[in-house]
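The structure under discussion appears below in the form of structure tokens.
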Amino acid sequence: MTLGRNEPCHCGSGKKYKKCCLEKDRLVEQKHGASASNVIPFPGGNKASKGADKFVNEIKSFISNELEWENQEHQELALGLFPQIWKEYRMRSQDDMEELLSIVMLWNDFSSQKQPKYRKPGGYAGALEYFVTNVRGQWVTQTELADKHGVSAGTLSRCYGNLMDFAEEKMLAEDWLAEQKDGMPKFGGPAAFSQLENEQFMHKLAKLIEEQQFESLDEAKAFLSQHMHHIDKLVDTELSDAEKAVDLLAEAEREPLPARRIQLVKEALRLDKGNGDAYVMLAMEASTLPEALKVAEEGLKAAAASLGPGYFEENKGHFWGLIETRPYMRLKFCYADLLKEQGDIAVAMQELEEMLELCPNDNIGARYDLLMLYLADQKLDRAEKLLQQYDMEDSASFCYDRVVLSYLKDGFLGDLDKLYKQAKRSNPHVPAYLLGKKRLPKQRPQFIGIGDEDEAIEYALSHQMLWSNRNLSGLKDWMKRSR
Numbered sequence: 001m002t003l004g005r006n007e008p009c010h011c012g013s014g015k016k017y018k019k020c021c022l023e024k025d026r027l028v029e030q031k032h033g034a035s036a037s038n039v040i041p042f043p044g045g046n047k048a049s050k051g052a053d054k055f056v057n058e059i060k061s062f063i064s065n066e067l068e069w070e071n072q073e074h075q076e077l078a079l080g081l082f083p084q085i086w087k088e089y090r091m092r093s094q095d096d097m098e099e100l101l102s103i104v105m106l107w108n109d110f111s112s113q114k115q116p117k118y119r120k121p122g123g124y125a126g127a128l129e130y131f132v133t134n135v136r137g138q139w140v141t142q143t144e145l146a147d148k149h150g151v152s153a154g155t156l157s158r159c160y161g162n163l164m165d166f167a168e169e170k171m172l173a174e175d176w177l178a179e180q181k182d183g184m185p186k187f188g189g190p191a192a193f194s195q196l197e198n199e200q201f202m203h204k205l206a207k208l209i210e211e212q213q214f215e216s217l218d219e220a221k222a223f224l225s226q227h228m229h230h231i232d233k234l235v236d237t238e239l240s241d242a243e244k245a246v247d248l249l250a251e252a253e254r255e256p257l258p259a260r261r262i263q264l265v266k267e268a269l270r271l272d273k274g275n276g277d278a279y280v281m282l283a284m285e286a287s288t289l290p291e292a293l294k295v296a297e298e299g300l301k302a303a304a305a306s307l308g309p310g311y312f313e314e315n316k317g318h319f320w321g322l323i324e325t326r327p328y329m330r331l332k333f334c335y336a337d338l339l340k341e342q343g344d345i346a347v348a349m350q351e352l353e354e355m356l357e358l359c360p361n362d363n364i365g366a367r368y369d370l371l372m373l374y375l376a377d378q379k380l381d382r383a384e385k386l387l388q389q390y391d392m393e394d395s396a397s398f399c400y401d402r403v404v405l406s407y408l409k410d411g412f413l414g415d416l417d418k419l420y421k422q423a424k425r426s427n428p429h430v431p432a433y434l435l436g437k438k439r440l441p442k443q444r445p446q447f448i449g450i451g452d453e454d455e456a457i458e459y460a461l462s463h464q465m466l467w468s469n470r471n472l473s474g475l476k477d478w479m480k481r482s483r
């Protein structure tokens with residue numbers, strides 16, 4: 001019996017068949033039915049054979065017809081990039097096809113969930129090509145690909161970092177854990193694992209790979225492929241106190257009773273005094289702002305001591321990419337938010353600036369709060385420098401903040417009208433909330449989509465400090481008259 005494209009996948013992931021195993025099953029069928037005569041010869045150069053054209057058309061058809069895209073720009077990037085990669089890298093076999101389509105699906109999942117916005121597609125195009133070269137074991141530098149795609153090496157590096165983080169956190173962890181879930185404990189739903197548990201699994205997996213002392217990427221890939229269906233048993237070693245603490249925190253996340261939650265968190269801290277996530281949870285449970293700040297301050301000292309005195313200098317620029325740094329970064333972000341709430345703007349800015357030094361890729365989103373604080377505190381030069389640092393950022397938050405910066409610097413002159421039109425194209429719902437035409441809800445939205453009303457609500461709520469400033473009253477009057 002043939003499974004429909006929109007039916008639940010047979011693997012039990014809960015996803016639609018077309019979004020999960022459809023392409024894998026199709027490739028397996030093709031591979032099993034293939035003979036030596038099916039291998040496509042590549043005559044050399046950039047001239048493609050009829051067989052190669054057939055594969056290129058398959059790639060285009062897969063991108064256009066088999067995948068759902070949230071944003072046409074993301075689909076267009078895929079259509080322009082992946083068929084060209086097939087030809088340029090002289091791919092010819094079904095294995096090559098399977099490899100490339102897995103990266104197409106990575107881009108589809110990443111773009112759907114993360115909704116990246118960019119002025120130039122070259123950053124992510126170059127990052128995806130670099131991803132392909134790494135998978136294939138071909139040597140090419142990020143600088144070379146940045147030149148090829150017309151972007152800076154820093155931009156390509158940031159985009160590649162975003163893709164790698166997503167591949168690590170979502171693709172690898174979720175896919176492998178989903179395959180193993182029948183033999184693993186389940187907690188409250190199909191996902192079975194919290195973010196903390198996923199990170200712990202990835203940390204163990206990285207340690208396992210490091211212990212093998214592989215001499216090449218191919219060796220590591222072969223090892224993972226060989227052991228994929230029982231990888232959980234390989235990493236299921238005796239738990240350290242720090243790992244037991246993570247399990248307790250994951251249990252605390254699911255606990256509905258506050259008293260029991262606090263008890264679990266304190267038990268975790270007895271096992272691991274430097275666990276930043278434990279202090280985040282305790283700060284959130286605090287009954288007063290001063291109490292929450294005190295907890296966060298103590299936690300930052302303990303977490304920093306746990307990482308060690310030389311750790312920060314040695315790993316500056318790579319935080320978050322190193323899984324053990326993530327609890328510290330989450331706690332630092334929590335602390336900055338508490339400082340902002342108390343009105344300690346200068347100290348909050350310092351904390352956020354330090355976060356960007358530790359992690360320029362800014363996976364946690366510190367730049368949004370920092371830019372807002374710069375503008376609210378009239379630190380316009382710093383705001384301009386931050387916007388230049390993340391010049392590809394095209395989110396509603398940055399677009400509307402560019403409008404504010406232009407107004408504060410040049411009044412109604414300069415690019416104000418142009419920037420406002422760009423901001424409204426980014427999210428047309430924002431002005432209604434900023435200008436009081438729509439009432440803001442008390443709760444921030446749990447999920448936001450690019451350009452949707454929840455994104456507008458999130459921006460307006462998180463930027464109240466900025467837009468309530470009297471310095472922007474003239475801008476708001478102008479926006480009411482503008483079309």
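Using the working numbering, you'd call the opening residue of the sequence shown number 1 and step up by one each time.
No residue lacks a Cβ here, since even glycine has one placed at the ideal position from N, Cα and C.
Quick caveat, the model's predicted, so the values are computed rather than measured.
Beta-carbon proximity of residue i to residue j, cut-off 7 angstroms
{"i": "residue 450", "j": "residue 458", "result": "no"}
{"i": "residue 158", "j": "residue 427", "result": "no"}
{"i": "residue 439", "j": "residue 419", "result": "no"}
{"i": "residue 400", "j": "residue 430", "result": "yes"}
{"i": "residue 264", "j": "residue 252", "result": "yes"}
{"i": "residue 60", "j": "residue 83", "result": "yes"}
{"i": "residue 107", "j": "residue 78", "result": "yes"}
{"i": "residue 292", "j": "residue 283", "result": "yes"}
{"i": "residue 349", "j": "residue 466", "result": "no"}
Per-residue burial, residue i [other beta carbons within 10 Å of its own, 16 or more giving buried]
{"i": "residue 41", "result": "In this prediction, residue 41 has a pLDDT of 29, which is less than 50 and means its spatial position is unreliable; what the coordinates show is noted afterwards. Its Cβ having fewer than 16 others within 10 Å, residue 41 is exposed."}
{"i": "residue 365", "result": "exposed"}
{"i": "residue 288", "result": "exposed"}
{"i": "residue 257", "result": "exposed"}
{"i": "residue 332", "result": "buried"}
{"i": "residue 482", "result": "exposed"}
{"i": "residue 343", "result": "exposed"}
{"i": "residue 155", "result": "buried"}
{"i": "residue 259", "result": "exposed"}
{"i": "residue 395", "result": "buried"}
{"i": "residue 275", "result": "buried"}
{"i": "residue 254", "result": "exposed"}
{"i": "residue 268", "result": "buried"}
{"i": "residue 296", "result": "buried"}
{"i": "residue 129", "result": "buried"}
{"i": "residue 470", "result": "exposed"}
{"i": "residue 116", "result": "buried"}
{"i": "residue 47", "result": "At residue 47 the pLDDT is 39, less than 50, meaning the model places this residue with poor confidence; the figure from the coordinates comes in the next sentence. Classification for residue 47: exposed."}
beta-carbon residue i near the ligand GTP non-hydrogen atom, thresh 6 angstroms
{"i": "residue 355", "result": "The ligand GTP is absent from the structure shown, which contains no ligand whatsoever."}
Candidates the options: closest to residue i by CA position
{"i": "residue 244", "options": "124, 273 and 257", "result": "273"}
{"i": "residue 359", "options": "95, 250, 97 and 328", "result": "328"}
{"i": "residue 456", "options": "478, 479, 423 and 470", "result": "423"}
{"i": "residue 87", "options": "55, 103 and 95", "result": "55"}
{"i": "residue 218", "options": "379, 103 and 135", "result": "135"}
{"i": "residue 280", "options": "270, 298 and 410", "result": "298"}
{"i": "residue 375", "options": "463, 213 and 325", "result": "463"}
{"i": "residue 524", "options": "415, 404 and 393", "result": "The structure shown has nothing for residue 524, since the chain only spans 1 to 483."}
{"i": "residue 81", "options": "149, 307 and 315", "result": "149"}
{"i": "residue 271", "options": "357, 239, 294 and 382", "result": "239"}
{"i": "residue 165", "options": "414, 85 and 320", "result": "320"}
{"i": "residue 398", "options": "345, 118, 334 and 412", "result": "118"}
{"i": "residue 411", "options": "316, 89 and 479", "result": "479"}
Alpha-carbon spacing of residue i relative to residue j, whole angstroms
{"i": "residue 338", "j": "residue 105", "result": "39 angstroms"}
{"i": "residue 132", "j": "residue 100", "result": "7 angstroms"}
{"i": "residue 124", "j": "residue 370", "result": "25 angstroms"}
{"i": "residue 110", "j": "residue 452", "result": "18 angstroms"}
{"i": "residue 278", "j": "residue 363", "result": "20 angstroms"}
{"i": "residue 477", "j": "residue 445", "result": "27 angstroms"}
{"i": "residue 341", "j": "residue 301", "result": "21 angstroms"}
{"i": "residue 406", "j": "residue 472", "result": "11 angstroms"}
{"i": "residue 436", "j": "residue 74", "result": "34 angstroms"}
{"i": "residue 151", "j": "residue 442", "result": "41 angstroms"}
{"i": "residue 434", "j": "residue 474", "result": "13 angstroms"}
{"i": "residue 347", "j": "residue 353", "result": "10 angstroms"}
{"i": "residue 379", "j": "residue 216", "result": "48 angstroms"}
{"i": "residue 330", "j": "residue 92", "result": "45 angstroms"}
{"i": "residue 140", "j": "residue 285", "result": "49 angstroms"}
{"i": "residue 242", "j": "residue 311", "result": "18 angstroms"}
{"i": "residue 71", "j": "residue 113", "result": "11 angstroms"}
Per DSSP, the bridge partner or partners of residue i
{"i": "residue 319", "result": "322"}
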